[in-house]
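These notes are about the structure you will find just below.
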Amino acid sequence: MEEQMAKIDLSNISHTYNPLDPKPTYALNPFSMTWENGKRYAILGPSGCGKTTMLNIVSGLVRPSKGEILFDETPVTDLKTEDRNIAQVFQFPVIYNTMTVYDNLAFPLRCREFTKEKIEERVKAVSDTLNLSSFLSSPARKLTADQKQLISLGRGLVREDVAAVLMDEPLTVIDPDLKFRLRRNLKEINEQYKTTLVYVTHDQNEAMTFAENIIVMDQGEIVQVGLPKDLFEKPKTTFVGYFIGSPAMNIFHSTVSSDHEVKINDTTIKTNSNLGNLKDKNVKLGIRSEFIELAEKEKSNTVKIKLTRVEDFGNFKLLTGKMGDLVIKSKVEREKPIPDGELNLYFPPEKCCVYSDEKLV
Amino acid sequence: MSKLYTFLKYFFITFWTVFVVAPFLWAVSTSFKDFQSVNSKVTYIPWLDFEPTLEGWRVLIKSPAKGGVDIVEPYFNSIFVTCTASLISIVLGTLAAYALSRFTFKAGFVRNNDITFFFISQRIMPPIVLSIPFFIFLSTIGLLDSLLGLVVVYIVLLMPIAVWIMVDFFNRVPKELDETALIDGCNPYQAFYKVVLPNSIPGLIVAGMFCIIFGWIDFFFAFILTFTEVQLLPVKVVALNSSITPWWSLSASALVSVAPLIIVAFIVERYLSKGNLSGALK
Chain A
0 MEEQMAKIDL
10 SNISHTYNPL
20 DPKPTYALNP
30 FSMTWENGKR
40 YAILGPSGCG
50 KTTMLNIVSG
60 LVRPSKGEIL
70 FDETPVTDLK
80 TEDRNIAQVF
90 QFPVIYNTMT
100 VYDNLAFPLR
110 CREFTKEKIE
120 ERVKAVSDTL
130 NLSSFLSSPA
140 RKLTADQKQL
150 ISLGRGLVRE
160 DVAAVLMDEP
170 LTVIDPDLKF
180 RLRRNLKEIN
190 EQYKTTLVYV
200 THDQNEAMTF
210 AENIIVMDQG
220 EIVQVGLPKD
230 LFEKPKTTFV
240 GYFIGSPAMN
250 IFHSTVSSDH
260 EVKINDTTIK
270 TNSNLGNLKD
280 KNVKLGIRSE
290 FIELAEKEKS
300 NTVKIKLTRV
310 EDFGNFKLLT
320 GKMGDLVIKS
330 KVEREKPIPD
340 GELNLYFPPE
350 KCCVYSDEKL
360 V
Chain B
0 MSKLYTFLKY
10 FFITFWTVFV
20 VAPFLWAVST
30 SFKDFQSVNS
40 KVTYIPWLDF
50 EPTLEGWRVL
60 IKSPAKGGVD
70 IVEPYFNSIF
80 VTCTASLISI
90 VLGTLAAYAL
100 SRFTFKAGFV
110 RNNDITFFFI
120 SQRIMPPIVL
130 SIPFFIFLST
140 IGLLDSLLGL
150 VVVYIVLLMP
160 IAVWIMVDFF
170 NRVPKELDET
180 ALIDGCNPYQ
190 AFYKVVLPNS
200 IPGLIVAGMF
210 CIIFGWIDFF
220 FAFILTFTEV
230 QLLPVKVVAL
240 NSSITPWWSL
250 SASALVSVAP
260 LIIVAFIVER
270 YLSKGNLSGA
280 LK
């Protein structure tokens, strides 16, 4: 079989749904991005941030207002959906009600006039992966919602030659247990067949466990592209800090006091950021609750807080404390004894992120 | 309390059934009567109250030369006009409805909803308003008093129904279905024929049912636009009524003219009871 998987280039793409308006609002602000062949990507962002628009542009359901799409350096911007080699799975199961499960899975191959043997082989392979083998001859409409979604997924995976499989929150309707297994299956499929997978989600855990590369979007803007570790440890903007991680990143208003130090209220915190140009400016200091440590006594880079709440999550405890008006959250090991009342928290300098104008310094 | 409720429930169901079915039974019984049994005294039950005769039914297929009324030709005329007009309305109406549901049209201030309303508005006007224009139109193109002319007029009357029902139906078919078909490699026409249309059979059945009913029962236009060459069943049935009303053949012809609708109702009912039409009916 001819290898047709492709590198996908999105070059200067932007899109508005009301182009005739004198002041159009953009669903996607101009951006450029490359999706490498055979990788797993997750597009992560809150509802209405342009994730689905981006997928629809790649699959050709939406023509971008500006910019160009290239599959392996070939422009496809004006190519119709049916002529692009793309598979797309939607959030809610879309099945062909009048057909059997087998016919549903075979449909994309039949439309592209594959041989009967090839169709049989591929449908069998996909239905085995998705546990649908025993339903092949039953009418698709008789299946449960999550089985239907498996069919949608199967139709996306049945063609080996697709440039990419785009999935728009495909596992929303599937129960958690199966979700976990399916994500692993998708990973295996990606590793085995080197199919580029693009996965849209608003669930950070899903994105983190699934993808090698995560694209974080907010209000039509790509905020950060990176590995899960980068997003977690060095969020490029305060939005990423808020959006990724549970609880969200601790973010404090502070002022720069020296080249490497900021002041929160009256406490000086040393960071590894170079703040030479920002002297006396107002900035924000961000630190993950995971990185904040309990300190025995006051030392450098500690803050004194009044403990207001301790929540036991089983595998860790979440401390909530107050320093003046500031709320600080810290995750500590479950076994650690928590002193009552006031306690000191240590901020490791290498884990402190400083944000000026919401962007990482 | 619940006993009273059960009683009332069955009482009203029985009452309603009698209300609906009794006229039919009376018509059935009357169709077997002769002049004597209708006009002398009230009779109900054949063989007991009166001696049944098939005269009322025989008259319907006898040619006028032999003293009959011959509803056979009008019957087939009606079937032809209703079925042809319904079929064309469904085909055109479905295509129009699909376009109105899936694509955005703009012409000045006119948008999709305005076009849909334009279709439906054809049914808002009282038919009498349309009668003169239709008459002039058909006489101009020389189709007055012809089957083809009636088909044209009935398409005008039935297509709004088809468009209305199908727009509503297609609006409930998620557009992701079409999009998935495109992604799976269909062109837009294949997506419509292979995927959307098979999914719309319940809607098509409902639309077809309404078209057939409204086409079949129309008296007004059939009466105004035909004279001697062509007659449709409703006109013929009404024409039976002369100075001495032949109740027996009138009943018989009424029964044969509702028969097709009863058959349609039975076919559609099978789909209704399966719940297949849940999306097609509000």
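Listed in order, the protein sequences are those of chains A and B. Numbering-wise, numbering that gives the first Met the number 0 puts 184 at position 185 of the first sequence, and it's gapless, one number per residue. Numbering-wise, numbering that gives the first Met the number 0 puts 157 at position 158 of the second sequence, and it's gapless, one number per residue. We put the CB at the ideal spot given by N, CA and C, even for glycine.
For Leu108 of chain A, the number of other beta carbons within 10 angstroms of its own is at least 16, and it is reported as buried. For Val194 of chain B, the neighbours in chain A by C-beta distance under 8 Å run, in chain order, Tyr95. The continuous alpha helix (DSSP H) containing Ile164 of chain B extends over residues Leu146 to Arg171. Listed in chain order, the positions of the region 34-51 of chain A with a beta carbon within less than 8 Å of a beta carbon of chain B would be empty, since no residue qualifies. For the 8 Å CB-CB criterion, Val157 of chain A and Thr179 of chain B do not form a contact. Taking 7 Å as the cut-off between beta carbons, the residues of the region 100-117 of chain A near chain B are Phe106, Pro107, Cys110 and Arg111, in sequence order.
Listed along chain A are Phe91 and Val93, each with a C-beta nearer than 8 Å to that of Pro173 of chain B.
DSSP places Ser329 of chain A inside the beta strand (DSSP E), whose first and last residues are Leu325 to Glu332. Judged by DSSP in its simplified three-state form, Cys352 of chain A adopts strand. Between the region 158-177 of chain B and the region 194-209 of chain B there are three or more C-beta pairs closer than 8 Å, enough to call the two in contact. With its beta carbon at least 8 Å from every one in chain A, Asp33 of chain B lies outside the interface. Contact annotation: Ile268 of chain A and Val261 of chain A have beta-carbon atoms nearer than 8 Å. Each of A:Leu142, A:Asn96, A:Leu284 and A:Ile56 was checked against the Cα of Val353 of chain A, and the nearest Cα belongs to A:Leu284.
Taking a beta-carbon distance threshold of 8 Å, Ala86 of chain A counts as an interface residue toward chain B.
Looking at the DSSP output, Val215 of chain A bridges to A:Leu43 and A:Gln223. Straight-line measurement puts the Cα of Leu196 of chain B at about 10 Å from the Cα of Phe169 of chain B. Residue environment: Gln230 of chain B is assigned as buried (16 or more neighbouring CB atoms within 10 Å of its CB, all protein chains considered). The continuous alpha helix (DSSP H) containing Glu54 of chain B extends over residues Glu54 to Ile60.
Proximity of the region 86-101 of chain A to the region 137-144 of chain A meets the contact definition, three or more beta-carbon pairs being nearer than 8 Å. The beta carbon of Leu254 of chain B sits closer than 7 Å to the beta carbons of Ala26, Val27 and Ser30 from its chain, once the five residues preceding and following it are set aside; these are given in chain order.
The C-alpha of Leu99 of chain B is placed about 8 Å away from the C-alpha of Ile114 of chain B. Straight across, the Cα-Cα distance linking Thr51 of chain A with Val197 of chain A is about 11 Å.
Of all C-beta pairs linking the region 176-195 of chain B to the region 218-232 of chain B, fewer than three are shorter than 8 Å, placing the two stretches out of contact. DSSP, reduced to helix, strand and coil, places Asp167 of chain A within a strand of the structure shown. Remark: C-beta atoms of Ile85 of chain A and Ser64 of chain A do not approach each other more closely than 8 Å. Burial of Ala206 of chain A is indicated by the presence of at least 16 other C-beta atoms within 10 angstroms of its C-beta.
Taking a contact to require three or more Cβ pairs closer than 8 Å, the region 318-337 of chain A and the region 267-281 of chain A do not qualify as touching.
Near chain A, meaning a CB-to-CB distance below 9 Å, the residues of the region 187-213 of chain B are Pro187, Gln189, Ala190, Lys193, Val194, Pro197, Asn198 and Ile200. Under the DSSP assignment, Asn55 of chain A falls in the alpha helix (DSSP H) whose first and last residues are Lys50 to Ser58. Secondary structure note for Lys115 of chain A: its alpha helix (DSSP H) is the uninterrupted segment Lys115 to Thr128. Within the region 203-225 of chain A, no residue has its Cβ closer than 8 Å to any Cβ of chain B. The beta-carbon distance between Asn111 of chain B and Thr103 of chain B, rounded to whole angstroms, is 6 Å. This is short enough to meet the 8 Å contact definition. Inclusion of Ile173 of chain A and Gln203 of chain A in the CB contact set at 8 Å is not warranted, their separation being larger than that value. The beta-carbon separation of Lys280 of chain A and Thr307 of chain A, rounded to 30 Å, does not stay under the 8 Å limit for a contact.
Under the Cβ criterion of 8 Å, Cys82 of chain B is not counted among the residues facing chain A. Contacts with chain B (Cβ-Cβ distance below 7 Å) from the region 148-171 of chain A involve Arg154, listed in chain order.
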